Each structure stands twice: as structure tokens, then as C-alpha cells.
Amino acid sequence: MPARNGSVLTDVAAYYETRIKEHGQTPAGVDWNSSHGQIIRFDQLLKLVDSSRIYSITDIGCGYGALADHVLHLGHDVHYIGVDVSQSMIAAGRSRHPLNDRVNFQIGTSPNDATDYAVASGIFNVRLDRSDDEWLTHMVSTLDVMNKIATRGFAFNCLTSYSDEERMRPDLYYANPLDLFDLCKRRFSPQVALHHDYGLYEFTIIVRKS
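Note that the numbering used here has the sequence shown beginning at 15, numbered continuously upward.
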């Protein structure tokens, strides 16, 4: 990512370092309310992949590696790379899969090598004290990275601007799904899907490449 995002990522890393120290390797440790919601999100993101054959996937902002646990539980034949800016998250992920050479965790914002797919779950939610414009710039920069490293497509989720106003928090970013759908269609690929029908106050966008 461009250097201008460095301070954003430093703040984000510090935030999640605190979360995992407080809550451990749990959904709360990566700022989710429950394992049930976490699994729903993973299943939406995994609509991207063709699990009938072996594939590789990069998990941007992987946290402690819960998605790796999930795809392995589903029996996917997968090479998984988890990338995160938090040292504690990467250490946690490595501790969960110490003997699996198909599961790899790397500190940073992008993997060392391209993969078939890239996904990001929840990394665009916590903006802390950043303005809408600054956070959106950070988001688009991250999507550019995902587009670059994924040869077959990428997927991500965001909190929705259609959330109930009285429940919205000032430290969270509620994206306009229509704006991001349009951005992805114009910037990345004509093959874009928007899923906003799975019972959570969020949406998932899937971008496929020809």
C-alpha cells in the first residue's frame, strides 16, 4: 500500500493488538460479536472460490486465522496465506497451524506471492478517528492491492450505510454498497456481485476476473 496509509495501519494494528490481548483467539479478539456471525461472513466470502478443485487464497487482515480453520473444516483442498499488520495476530495464527505446510502466515499488508483469490473480512469496519474521505482512500488502496495479488478474483465485506441510524457507532465505517459496487465494476471487473441479504447489517462484494 502507499506510504500515506502507514499511520492508518499503525493505529489499526495497535487497536487489534489490544483486542486479542483482552479476548484471546476468539471472535471478540478480532472485534466480532459471535462465532455464528463470523461463520456467516466466511461463507459469503467463500462464494468467490471454486472449491471443487485445489486453490490458493490470501486472507488480508487474517487475525488469528479463523478462516483457515473454517476452510480446512469444510474439507477444501487449499493453500492458505494469512496476512496481518498485527504481530500478535500472526503469532496466534502460526500457533494454531504449526505443522501444516499449506497454511502460512505473513506480517504485512500483502503476500509474497500472488494467489488465486484474496478475501478481507471486517478490515474496513473500524476506522477509529479517521474521516470518511481518509478511510475510503485507505479502502480503495487496499482493494487495489487485492486486485493485484488475486489472479481469479477477490471478495470483501463492509458494514452497510443502510444500518439503523440509532445503532451506528462513530468509530465504525458504514459504506454505501451501491457506491462500492459501482467502483468495483468500473475499476476492476465487469463481473461483480453484491450480496446484502444474509441477515447482518453489512454486505459482501465479490469481484471475479475473466
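By construction, the Cβ of each residue, glycine as well, lies at the ideal position given by its N, Cα and C atoms.
Note that the structure is predicted; figures quoted are calculated from it, not measured.
Inset, instruction - Go ahead and pull the three-state DSSP assignment for residue 15. - result: Low local confidence applies: a pLDDT of 32 at residue 15 is under 50, so the model's placement there is unreliable, and no value is given.
Legend entry - Reduced DSSP secondary structure (H/G/I, E/B, other) of residue 209: strand
Inset, instruction - Alpha carbon to alpha carbon, how far is residue 220 from residue 63? Give it in angstroms, no decimals. - result: 10 Å
Inset, instruction - Select from 91, 89 and 50 the residue whose C-alpha is nearest the C-alpha of residue 213. - result: 50
Legend entry - Spatial distance of residue 207 from residue 56 (CA atoms): 16 Å
Inset, instruction - Return the chain-ordered list of same chain residues with a C-beta closer than 6 Å to the C-beta of residue 119, the five sequence neighbours on each side being excluded. - result: 96, 104, 107 and 108
Inset, instruction - Give every residue of the same chain whose Cβ lies closer than 7 Å to the Cβ of residue 126, excluding the five residues on either side of it in the sequence, and list them in chain order. - result: 120
Inset, instruction - Take residue 149 as the anchor and find which of 162, 179 and 190 has the nearest alpha-carbon. - result: 190
Inset, instruction - Would you please state the rounded distance, in angstroms, between the beta carbons of residue 218 and residue 58? I believe it to be under 8 Å. - result: 4 Å
Legend entry - Bridge partners - residue 169, DSSP secondary structure assignment: 133 and 220
Inset, instruction - Answer yes or no: do residue 160 and residue 128 have a C-beta to C-beta separation smaller than 8 Å? - result: no
Inset, instruction - Would you check if the distance between the CB atom of residue 163 and the CB atom of residue 124 is smaller than 8 Å? - result: yes
Legend entry - Segment limits, alpha helix (DSSP H) that includes residue 245: Because the chain here runs from 15 to 224, residue 245 falls outside it and cannot be looked at.
Legend entry - Simplified DSSP assignment, three categories, for residue 93: strand
Legend entry - Selection from 79, 52, 40 and 170 that minimises the alpha carbon distance to residue 112: 79
Inset, instruction - Closer than 6 Å by C-beta to residue 91: which residues in its own chain qualify, once you throw out the five before and the five after it? Chain order, please. - result: 68
Legend entry - Rounded C-alpha distance that separates residue 215 from residue 178: 9 Å
Inset, instruction - Identify the continuous beta strand (DSSP E) that holds residue 138 and give its terminal residues. - result: Per DSSP, residue 138 belongs to no beta strand (DSSP E) and is neither H nor E.
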